[in-house]
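Q: Quick one: the structure is below, and I'll ask about it shortly.
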Amino acid sequence: MDFFMPSILNWVCYLPLAGFFLILFVPKEKQALVKWIANVTTAAGFLISLPLILSFNDPAYIDKATGFRFVLKAPWIPSIGVQYYIGIDGISMLLTLLTTLLGFIAVLSSWSAITVRIKEYYAFLLLLQVGMIGVFMSLDFFLFYVFWEVMLVPMYFLIGVWGGPRKLYAAIKFFLYTLAGSVLMLLGILALYFYQHSVSGIYSFDVLEMQKLGLPHNLQWWVFLAFFVGFAIKVPMFPFHTWLPDAHVEAPTAGSVILAGVLLKMGTYGFVRFSLPILPEATKEFLPMMMVLCLIGIVYGALVAMVQKDWKSLVAYSSVSHLGFCMLGVFAATPVGLQGGILQMINHGISTGALFLLVGNVYERRHTRMISEYGGLSHHMPVYATIFLIMTLSSIGMPALNGFIGEFMILQGTFAQPDLRLYAGIAVSGIVLGAAYMLWLYQRVMFGPLDKEENKAMKDLNLREIATYVPLIILAFWIGLYPRTFLQYLDQPVNQIVERVRGKAYFQAVQNPVPPAGAVVRSNQH
Amino acid sequence: METTGAGIPGPMDLIPRHYFFYTNAMNEPFPLKTVADTLAYFGQNMGALGPELQLLLWALIGCMILEVLLPDQSKRLTGYAALGGIAFASFHLYKIYVNGFLGVFFNETTVIDPFSIFFKALFLAAALLTVLLSLRFMEIENEQSGEYYALILLATIGMMVMVSAIDLLTIYIGLELMAMSFYILVGYLRRNRLSNEASLKIFLLGAFASGILLYGFSLLYGLTGSTQLSVLARQLAAAPAQNREMIFLAVVLVIVGLGFKIAAVPFHMWAPDAYQGAPTPITAFLSVGSKAAAFTVMLRLFLGSFVSVKGWFLVLGVVALMTFVVGNLAALLQTNVKRLLAYSSISHAAYILLGLLAGREFGGIAASSGYLLIYTFMNFGAFAVLILMRRKGIPGDQIADFNGLIFRHPVIASLMLIFLLSLAGIPPTAGFIAKYMVFAAIIKAYMAQPSAMLLTLAIAGAVAAVVALYYYFLIVKAMFTGESQAEDLPALSFSPGVTAAIVITAGMTMWVGIFPDTIMRMAAYAASNWGAW
Numbered sequence: 001m002d003f004f005m006p007s008i009l010n011w012v013c014y015l016p017l018a019g020f021f022l023i024l025f026v027p028k029e030k031q032a033l034v035k036w037i038a039n040v041t042t043a044a045g046f047l048i049s050l051p052l053i054l055s056f057n058d059p060a061y062i063d064k065a066t067g068f069r070f071v072l073k074a075p076w077i078p079s080i081g082v083q084y085y086i087g088i089d090g091i092s093m094l095l096t097l098l099t100t101l102l103g104f105i106a107v108l109s110s111w112s113a114i115t116v117r118i119k120e121y122y123a124f125l126l127l128l129q130v131g132m133i134g135v136f137m138s139l140d141f142f143l144f145y146v147f148w149e150v151m152l153v154p155m156y157f158l159i160g161v162w163g164g165p166r167k168l169y170a171a172i173k174f175f176l177y178t179l180a181g182s183v184l185m186l187l188g189i190l191a192l193y194f195y196q197h198s199v200s201g202i203y204s205f206d207v208l209e210m211q212k213l214g215l216p217h218n219l220q221w222w223v224f225l226a227f228f229v230g231f232a233i234k235v236p237m238f239p240f241h242t243w244l245p246d247a248h249v250e251a252p253t254a255g256s257v258i259l260a261g262v263l264l265k266m267g268t269y270g271f272v273r274f275s276l277p278i279l280p281e282a283t284k285e286f287l288p289m290m291m292v293l294c295l296i297g298i299v300y301g302a303l304v305a306m307v308q309k310d311w312k313s314l315v316a317y318s319s320v321s322h323l324g325f326c327m328l329g330v331f332a333a334t335p336v337g338l339q340g341g342i343l344q345m346i347n348h349g350i351s352t353g354a355l356f357l358l359v360g361n362v363y364e365r366r367h368t369r370m371i372s373e374y375g376g377l378s379h380h381m382p383v384y385a386t387i388f389l390i391m392t393l394s395s396i397g398m399p400a401l402n403g404f405i406g407e408f409m410i411l412q413g414t415f416a417q418p419d420l421r422l423y424a425g426i427a428v429s430g431i432v433l434g435a436a437y438m439l440w441l442y443q444r445v446m447f448g449p450l451d452k453e454e455n456k457a458m459k460d461l462n463l464r465e466i467a468t469y470v471p472l473i474i475l476a477f478w479i480g481l482y483p484r485t486f487l488q489y490l491d492q493p494v495n496q497i498v499e500r501v502r503g504k505a506y507f508q509a510v511q512n513p514v515p516p517a518g519a520v521v522r523s524n525q526h
Numbered sequence: 001m002e003t004t005g006a007g008i009p010g011p012m013d014l015i016p017r018h019y020f021f022y023t024n025a026m027n028e029p030f031p032l033k034t035v036a037d038t039l040a041y042f043g044q045n046m047g048a049l050g051p052e053l054q055l056l057l058w059a060l061i062g063c064m065i066l067e068v069l070l071p072d073q074s075k076r077l078t079g080y081a082a083l084g085g086i087a088f089a090s091f092h093l094y095k096i097y098v099n100g101f102l103g104v105f106f107n108e109t110t111v112i113d114p115f116s117i118f119f120k121a122l123f124l125a126a127a128l129l130t131v132l133l134s135l136r137f138m139e140i141e142n143e144q145s146g147e148y149y150a151l152i153l154l155a156t157i158g159m160m161v162m163v164s165a166i167d168l169l170t171i172y173i174g175l176e177l178m179a180m181s182f183y184i185l186v187g188y189l190r191r192n193r194l195s196n197e198a199s200l201k202i203f204l205l206g207a208f209a210s211g212i213l214l215y216g217f218s219l220l221y222g223l224t225g226s227t228q229l230s231v232l233a234r235q236l237a238a239a240p241a242q243n244r245e246m247i248f249l250a251v252v253l254v255i256v257g258l259g260f261k262i263a264a265v266p267f268h269m270w271a272p273d274a275y276q277g278a279p280t281p282i283t284a285f286l287s288v289g290s291k292a293a294a295f296t297v298m299l300r301l302f303l304g305s306f307v308s309v310k311g312w313f314l315v316l317g318v319v320a321l322m323t324f325v326v327g328n329l330a331a332l333l334q335t336n337v338k339r340l341l342a343y344s345s346i347s348h349a350a351y352i353l354l355g356l357l358a359g360r361e362f363g364g365i366a367a368s369s370g371y372l373l374i375y376t377f378m379n380f381g382a383f384a385v386l387i388l389m390r391r392k393g394i395p396g397d398q399i400a401d402f403n404g405l406i407f408r409h410p411v412i413a414s415l416m417l418i419f420l421l422s423l424a425g426i427p428p429t430a431g432f433i434a435k436y437m438v439f440a441a442i443i444k445a446y447m448a449q450p451s452a453m454l455l456t457l458a459i460a461g462a463v464a465a466v467v468a469l470y471y472y473f474l475i476v477k478a479m480f481t482g483e484s485q486a487e488d489l490p491a492l493s494f495s496p497g498v499t500a501a502i503v504i505t506a507g508m509t510m511w512v513g514i515f516p517d518t519i520m521r522m523a524a525y526a527a528s529n530w531g532a533w
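Set out below in structure tokens:
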């Protein structure tokens, strides 16, 4: 295993690339072969990423200096100090696993949904996979930026070639929005880079070194704005969200799954990994603004979702609302809130990913996404109805399912910070609204009379389709019933970030609360 | 490196160490009393002009004489003669580089320094690609002839003289040699009305711009009493206060004259028409070589001789901003790929100006040089694909001609995608490295000396990158999602020359994008020992 485990991150990241090149050399007439290569590559990609969690605490793979796991470091562009530097901590480990899993599910779900230009489709999906995994692993800002941009191109084609009627508009809108954010982010990265050089005399894009910098306030302010534009567009946060419904609605099912499941997480991940620890003062300063934007996203996203006539765009707007919750937890910057925010990223990937798959299943059968075209589906499609119910409940935060844990932790974590209680209170309304639009959707689509002739002929899910949901359902219950399995990996990195933002004094205050005046302090006397 | 005062180049201190052809070179002004002395003097200095002389030799003997001797159907051989000239010139240049044959020659009018070696290599690469692209193209156009290749080589000589020149008159001679060659080359398709129009336009406006440039030079000479750049720098720094306005006027005239050559707004009017009408290989050569040559002169003048002059920074900054806005917005509306690439070339000039504006201390020279080298490859790549599209009876230069290219020629469409992504600056292609270098220079300059202009330029550059993506993707959209045209289209005009050019450019675009260290070192080399003459 020596050739494998120490460089496991390379294997996980570049296995899809191998599949990509393999597919390029297969003649395009051999469609089944292309599908098999893509499925096997992504399945293998998921399997070889499992050791990331299983051996996570193996001391052999822990980098002593930084606490990161499976670190690989090599000079890449020595003349400007860029390194090929990858490694994972708890946060990126969970997101990497989510990516490999959803990547496999997306490929599997496309088996019969994609009928034209199959070779290109799978090639782009695999290329996309490389970019996404790379983003979560990079510990060098330059490398991060390269991966971040690389994945725009395949996504553009996935939407633009295999999408719905307005695909070209949606695809270029997605590309331009994201690019606008990331170019400004590049300027911010360069400012950090040159500041670091002026302090330490070393040219380096090392993210972990940058986290140690105490940046002057003015610079933090500007860099935060630059990063904010880059990440907020990706999340997307409120004023920048307009690309999302277009992209989601027009994208093919697998594209929507990846988009909702992974791509949006890159924005939230960017805030967690870069904005908070590198720019703690600016984070605190911008906190009220960010909170307000999150709340607008939560409530506005939910309200807009409620009035959608298109099933898929309803789920898309629900993403805006859910991502608002994630960001709320992240910017609360308390241990519980931040953990909740990160867990909610995973949860959203699971439940919204599944919901997009579910929409895709019926779309493949009926070629319409209008909610009014459906009704009474539960009569003919019991398995479908059951899975849809589980994922609906997961999405609205039903206890015993994953969504509840995430939302609860976010609200608790936000509430724990006295100055943020009001925000937490308003955010609760988002949960109520969420239940409203999701259950209403369920009612309109699944219950009632089965009065449309076309719907009567619809077949229930086949075995391959069920297989795409099995891992998601298991995870939904697992996180809902025993989240500790996953949360334990978040303790250490989250505490580090909170310490950066709120200072060491925060933990001391939490552990040893100041007793109220006049209280008798009991001492342990034997 | 010896300097007199802040940032002003001092007297030369680069001593020639090895000699390539001629064993006795002089550094001091040489009293030329007799014919024998004169001959000896030139002999001793000619080694510095080795590459240029090779090109001249092959242009005159190889191309022109072969043209007379060869029958019509084998005129293509003159193109091979041009390739031979480029090969020998490259060999000379390589020897100069390896032997460290650096120094000042011809009575301090010509310099061989890392900067000029870097750009001479760039010009030779551009000339090589131009000839490779022309071999089949001119046959399709029925204009295959020896003068064409000879003119390409002469234009290259002009560019090489420009980059080596450290004297206003030498600069002007190089510039005119290059410009004259281009006036003819642009109009080389005699039977094509667009080509005729292009030639007339570039000639009239070009002559006008040359006149303005010369006027600026003459004012500078009048103010300082010298045409040498190093003397100019010292004299301008010590100029009395009442001359400031006149100096500024001279510098502005120089900006106008050179701004025309780099096609910066508002001196860009000729570019779209000239680019569209010219034979496509010449369009590529014009947009890369001519631009790079003019930029070398700008870098030498503004970061060398004019450092002490106040005010040009603001003027050039505004020019760069206008170039970003006009170049990008106009490109959005184009339906002709050659015109689109013309406007894209205008907006690339603005990025290269960013490097110049960042200044020498902040890596601006390396950034601009690296950008120009990368631009050479990616731009020639895009034009090479465009030339493939030119078939008998089909111009193939409308965006609609690219519709559904992926179905008929998946490899070519994918390579075009790489070139366009690179032009748009998306990693992991070379174009991103180019953008990175100019952004790094400008941010570094801003961090050291914050100014509203630098910040505005950086943000304008970022926004321009987004707009640019849109129009490059008009072509991508056509290639990948457009309806395929009728089945009976003639095949693309593949030829060994074009294939070689595409392989070279695509290889460089990807290689530089993934392993940029070499190109960054080369750019740093170009900026090393800069202005030490």
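For the protein sequence lines, the chains are V and S, in the order given.
Residue numbering for the first sequence is 1 to 526, as defined by the working numbering.
Residue numbering for the second sequence is 1 to 533, as defined by the working numbering.
Note that the Cβ used here is the ideal one computed from N, Cα and C, for glycine as well.
Just so it is clear, the structure is predicted and the values come from calculations on it, not from any experiment.
1. How long is the line joining the alpha carbons of V:Ala18 and V:Leu128, rounded to whole angstroms?
2. Whose Cβ in chain V lies nearer than 7 Å to the Cβ of S:Arg521?
3. I need the DSSP call for V:Lys73, collapsed to helix, strand or coil.
4. Just to confirm before moving on: does the CB-CB distance between V:Met151 and V:Ile88 stay below 7 Å?
5. Using 7 Å as the limit for Cβ to Cβ distance, is S:Ile443 near chain V?
6. Using the rule of at least 16 other Cβ atoms within 10 Å of the residue's Cβ for burial, across every protein chain shown, is S:Ser74 buried or exposed?
7. By the three-class DSSP mapping on this structure, what secondary structure does V:Asp310 have?
8. Check whether the Cβ of S:Arg68 lies closer than 7 Å to any Cβ atom in chain V.
9. Among the residues of its own chain, which have a CB less than 7 Å from the CB of S:Met555, if the five just before and after it don't count?
10. If you measure beta-carbon to beta-carbon, which residues of the stretch 181-199 of chain V are closer than 8 Å to chain S?
11. Between the C-alpha atoms of S:Arg521 and S:Val512, what's the straight-line distance to the nearest angstrom?
12. Three-state secondary structure (DSSP) at S:Thr335?
13. Compare the C-beta of V:Ser160 with all C-beta atoms of chain S and state if any pair is closer than 7 Å.
14. By alpha-carbon positions, which one of S:Tyr149, S:Phe88, S:Tyr97, S:Phe208 ends up nearest to S:Ile65?
15. Less than 7 Å between C-beta atoms, sequence neighbours within five positions excluded: which residues of the same chain meet that for S:Glu141?
16. Cα-Cα, which of S:Glu245, S:Asn379, S:Asp517 is closest to S:Ala501?
17. Per the DSSP calculation, S:Phe432 is bridged to which residue(s)?
18. With C-beta atoms as the reference, is V:Trp162 less than 7 Å away from V:Pro252?
19. Count the other CB atoms within 10 Å of the CB of S:Gln235; is the residue buried (16 or more) or exposed (fewer)?
20. Helix or strand or just coil, what does DSSP make of V:Gly87?
21. Specify the secondary structure class of V:Val235 as computed by DSSP and reduced to three states.
22. Under the three-state reduction of DSSP, which class applies to S:Val104: helix, strand or coil?
23. Is there a C-beta anywhere in chain S that falls below 7 Å from the one on V:Leu139?
24. Between the stretch 210-228 of chain V and chain S, which residues of the former have CB atoms less than 7 Å from a CB of the latter, in chain order?
25. Quick one: does V:Glu29 have its CB under 7 Å from some CB of chain S?
26. Please classify S:Ser287: is it buried, with 16 or more other beta-carbons within 10 angstroms of its beta-carbon, or exposed?
27. Who are the Cβ neighbours of V:Pro236 in its own chain at under 6 Å, not counting the five residues just before and after it?
28. Between S:Phe402 and chain V, is any beta-carbon pair separated by less than 7 Å?
29. Roughly how many angstroms lie between the CA atoms of S:Thr227 and V:Gln196, to the nearest whole one?
30. Measuring straight from C-alpha to C-alpha, what distance separates V:Val34 and V:Ala113?
31. Run through DSSP, which three-state label would S:Ile394 get?
32. With which residues is V:Asp206 paired in a DSSP beta bridge?
33. Looking at chain S, which residues of the stretch 441-456 of chain V have a Cβ within less than 9 Å of any of its Cβ atoms?
A: So, from the data block:
1. Counting from one through the first sequence, the residue named residue 18 of chain V turns up at place 18. Counting from one through the first sequence, the residue named residue 128 of chain V turns up at place 128. Put simply, the backbone Cα of V:Ala18 is about 13 Å away from that of V:Leu128.
2. Here the question's residue 521 of chain S lines up with position 521 in the second sequence. Per Cβ cutoff of 7 Å: Ser79.
3. What you label residue 73 of chain V is simply residue 73 of the first sequence in a count that begins at 1. The three-state secondary structure of V:Lys73, taken from DSSP, is strand.
4. Here residue 151 of chain V corresponds to residue number 151 of the first sequence, with the count starting at 1. Here residue 88 of chain V corresponds to residue number 88 of the first sequence, with the count starting at 1. Cβ distance not < 7 Å, so V:Met151 and V:Ile88 don't count as in contact.
5. As a first step, residue 443 of chain S is located in the second sequence; it is residue number 443 there, counting from the start. Contact of S:Ile443 with chain V is assigned, a C-beta pair being separated by under 7 Å.
6. Position 74 of the second sequence, counting from 1, holds the residue named residue 74 of chain S. Classification of S:Ser74: exposed, given that the 10 Å Cβ count is below 16.
7. Residue mapping note: residue 310 of chain V aligns to position 310 of the first sequence, counting from 1. In this structure, V:Asp310 counts as strand in the three-state DSSP scheme.
8. Looking up residue 68 of chain S in the second sequence gives position 68. The question names Arg, but residue 68 of chain S is Val in the sequence shown. Residue contact with chain V for S:Val68: absent (no Cβ-Cβ distance below 7 Å to any residue of chain V).
9. The question about residue 555 of chain S has no answer, for chain S in this structure spans 1 to 533.
10. Of all residues in the stretch 181-199 of chain V, Val183, Leu184, Leu186, Leu187, Leu190, Ala191, Tyr193, Phe194, Tyr195, Ser198 have a Cβ within less than 8 Å of some Cβ in chain S.
11. The count along the second sequence starts at 1 and reaches residue 521 of chain S at position 521. The count along the second sequence starts at 1 and reaches residue 512 of chain S at position 512. Looking at the two C-alpha atoms, the distance is approximately 12 Å.
12. Locating residue 335 of chain S in the second sequence gives position 335, where the first residue counts as 1. Here S:Thr335 sits in coil by DSSP.
13. Mapped onto the first sequence, residue 160 of chain V falls at position 160. Note on residue identity: the sequence assigns Gly, not Ser, to residue 160 of chain V. Yes - at least one Cβ of chain S is within 7 Å of the one on V:Gly160.
14. Locating residue 65 of chain S in the second sequence gives position 65, where the first residue counts as 1. It is S:Tyr149.
15. As a first step, residue 141 of chain S must be located in the second sequence, where it is residue number 141. For S:Glu141, the CB contacts under 7 Å within the same chain, skipping 5 residues up- and downstream, are Leu189, Pro279 in chain order.
16. On the second sequence, residue 501 of chain S is found 501 positions in, with the first residue counted as 1. Nearest in C-alpha terms to S:Ala501, of all of S:Glu245, S:Asn379, S:Asp517, is S:Asn379.
17. For the purposes of this step, residue 432 of chain S is identified with residue 432 of the second sequence, where counting begins at 1. S:Phe432 is not bridged to any residue.
18. Taking the first residue of the first sequence as 1, we reach residue 162 of chain V at position 162. Taking the first residue of the first sequence as 1, we reach residue 252 of chain V at position 252. A contact, by the Cβ cut-off of 7 Å.
19. As a first step, residue 235 of chain S must be located in the second sequence, where it is residue number 235. By the 10 Å Cβ count, S:Gln235 comes out buried.
20. Position 87 of the first sequence holds residue 87 of chain V. The three-state secondary structure of V:Gly87, taken from DSSP, is strand.
21. Taking the first residue of the first sequence as position 1, residue 235 of chain V is located at position 235. V:Val235: coil per DSSP, three-state reduction.
22. Walking along the second sequence from the start, residue 104 of chain S turns up at place 104. Residue state, collapsed to three classes: strand.
23. One-based indexing of the first sequence puts residue 139 of chain V at position 139. Put simply, the CB of V:Leu139 is far from chain S, with every gap to its CB atoms at 7 Å or more.
24. Within the stretch 210-228 of chain V, no residue has a Cβ that lies closer than 7 Å to any Cβ of chain S.
25. Reading the first sequence from its first residue, position 29 is the one you call residue 29 of chain V. So no, V:Glu29 is outside the interface.
26. Residue 287 of chain S sits at position 287 when you count from the first residue of the second sequence. With 16 or more other Cβ atoms within 10 Å, it is buried.
27. On the first sequence, position 236 is the one that residue 236 of chain V refers to. Excluding positions up to five away in sequence, the list reads Leu244.
28. Taking the first residue of the second sequence as position 1, residue 402 of chain S is located at position 402. No, its Cβ sits nowhere closer than 7 Å to a Cβ of chain V.
29. Locating residue 227 of chain S in the second sequence gives position 227, counting from the first residue. Locating residue 196 of chain V in the first sequence gives position 196, counting from the first residue. Here the C-alpha atom of S:Thr227 lies approximately 43 Å from the C-alpha atom of V:Gln196.
30. In the first sequence, counting from the first residue as 1, residue 34 of chain V sits at position 34. In the first sequence, counting from the first residue as 1, residue 113 of chain V sits at position 113. Their backbone Cα atoms lie some 15 Å apart in a straight line.
31. In the second sequence, counting from the first residue as 1, residue 394 of chain S sits at position 394. Here S:Ile394 carries a strand assignment [DSSP, helix/strand/coil].
32. One-based indexing of the first sequence puts residue 206 of chain V at position 206. DSSP lists V:Asp140 as partners of V:Asp206.
33. Those would be none; no residue qualifies.
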